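Notes follow the structure.
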Amino acid sequence: MLSRPFMTTHEIAELLKVREATVRGWIHDQQLRAIKLGREFRVAVRDLEAFVNANATRPPEPDGTDEDRTQ
3 MLSRPFMTTH EIAELLKVRE ATVRGWIHDQ QLRAIKLGRE FRVAVRDLEA
53 FVNANATRPP EPDGTDEDRT Q
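Residue numbers (the numbering used here): 3 to 73.
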């Protein structure tokens, strides 16, 4: 996903196109693993990838494409 080991809630919100409060909610509900540094949360990229994969509505295509299966 990215070359950095940790991301902020703001960066995750921008990446996933959700509100930052949504990301903090996932953390609060223990759906997304994070560490708290001072007043800010940081999420390991590997934990974000696991969260996204666990919440995917369908698995990726074997060839890596993301085409609509209904065609």
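All residues carry an ideal CB built from backbone N, CA and C; glycine is no exception. Keep in mind that this is a model prediction, so the values were computed, not measured.
Count the other CB atoms within 10 Å of the CB of residue i; is the residue buried (16 or more) or exposed (fewer)?
i     : result
Ala58 : exposed
Thr11 : buried
Val25 : buried
Ala36 : buried
Val20 : exposed
Leu50 : buried
Would you identify the three-state DSSP class for residue i, choosing helix, strand or coil?
i     : result
Arg6  : coil
Val54 : helix
Asp31 : coil
Ala15 : helix
Should residue i be counted as a contact of the ligand ZN given a C-beta to heavy atom distance under 7 Å?
i     : result
Gly27 : This structure lacks the ligand ZN; in fact it carries no ligand of any kind.
For residue i, which residues does DSSP report across the bridge?
i     : result
Lys38 : Phe43
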